[in-house]
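Numbering (the working numbering), first residue to last: 11 to 333. A virtual CB, placed ideally from N, CA and C, is assigned to each residue, including glycine. Note that the structure is predicted; figures quoted are calculated from it, not measured. Quick notes on the structure that follows.
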Ligand code: BTN
């Protein structure tokens with residue numbers, strides 16, 4: 011019996027006794043308890059309800075590649091290189107990096123949990139099993155890095171479109187592509203480029219979305235964090251439906267980006283830009299800079315109104331000043 015089997019057995023949200031779980035899997039109750047503890051140590055809030063047994067505080071859907079594929083339009087299915095769901099990977103993006111030489115364009119890999127999830131700027135990305143979504147997509151481009159400015163911002167717009175499709179409205183974008191609510195970060199996007207400046211290149215696009223965070227996970231995140239369940243009024247979107255919406259929007263959105271670049275979605279970005287008009291503090295290679303957010307330009311640079319005039323910023327860590 012593996013942690014995956016326990017999570018799948020509890021996914022419906024009803025309480026199940028340790029002996030029923032043990033009987034179903036043909037193992038001892040001690041073996042069940044051991045796997046429950048493994049899941050708890052990874053952040054899954056399994057409750058013990060006395061004689062009634064173990065239960066999750068809410069139902070969840072185990073990721074299912076066949077269900078995701080079945081809900082994609084035929085045109086999108088045809089463009090997918092592969093669609094894989096794993097129980098655990100070190101990181102879905104690291105997995106695609108390992109296979110970058112041979113994996114076809116638009117290969118998509120999901121995992122229920124990651125043992126070494128990666129965020130931007132070398133940070134770790136918390137990846138408890140079953141609660142959130144961890145997806146990576148390999149996209150090949152003929153035109154080279156030079157044509158990819160604004161890609162990471164365009165991806166923020168693509169993810170917001172997927173969220174809206176599953177009924178989650180009200181998320182904003184913090185440059186370059188953090189997904190935010192008023193309470194904190196809902197998700198993040200990591201874009202890693204491989205290849206040549208002017209020749210063929212490939213982007214490994216990693217997307218992490220918080221669907222359910224417990225109090226303990228919010229604390230571990232080390233930054234203000236929020237989840238889509240709260241934003242959607244207490245009910246998190248169906249994980250397979252969200253994965254399918256994301257894959258469909260990625261397929262369409264990345265094709266549009268190849269044709270039109272960031273200019274094709276800059277208006278959508280501006281509608282969701284949470285930094286515009288705010289007092290910002292930037293840290294990065296240029297040192298510390300302060301100013302007022304003045305939107306983004308057509309190639310995705312952050313515009314900052316400073317005492318020395320308007321500056322275009324290509325890379326920096328941005329925070330909003332409170333006072
Ligand atoms: C960020 O720091 O905001 C970016 C977070 C990106 C996390 C996702 S989860 C799926 C993919 N695999 C990883 O290891 N990272 C990305």
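- Each residue's CA atom was taken as its position, placing residue 254 and residue 298 some 40 Å apart.
- About 4 Å separates the beta carbon of residue 103 from that of residue 216, a gap short enough to meet the 8 Å contact definition.
- Shown here, residue 213 sits in a strand according to DSSP, grouped into three states.
- With a threshold of 7 Å, the Cβ atom of residue 278 does not count as near the ligand BTN, since no heavy atom of the ligand is closer than that.
- Taking C-alpha positions only, residue 133 is separated from residue 227 by approximately 16 Å.
- When C-alpha distances from residue 76 are compared across 14, 283, 61 and 92, the shortest belongs to 92.
- Across the structure, residue 68 and residue 246 are spaced so that their CA atoms are roughly 9 Å apart.
- If you look at residue 276, you'll find it isn't in any beta strand (DSSP E); it sits in the alpha helix (DSSP H) that goes 276-282.
- Residue 63 and residue 26 have their C-alpha atoms some 5 Å from each other.
- Among the bridge pairs identified by DSSP, residue 306 is matched with 312.
- The alpha carbon of residue 218 has as its nearest neighbour, out of 229, 197, 206 and 235, the alpha carbon of 197.
- With respect to the 8 Å criterion, residue 79 and residue 87 are classified as neighbours on the basis of their beta carbons.
- A direct Cα-to-Cα measurement between residue 192 and residue 42 gives close to 40 Å.
- Assigned with DSSP and collapsed to three states, residue 117 falls in strand.
- Counting C-beta pairs closer than 8 Å gives three or more between the stretch 278-291 and the stretch 179-186, which meets the contact rule.
- Of the heavy atoms belonging to the ligand BTN, none sits nearer than 7 Å to the Cβ of residue 53.
- The stretch 153-162 makes contact with the stretch 300-318; the number of CB pairs closer than 8 Å reaches 3 or more.
- Relative to the ligand BTN, residue 200 has its C-beta within less than 7 Å of a heavy atom.
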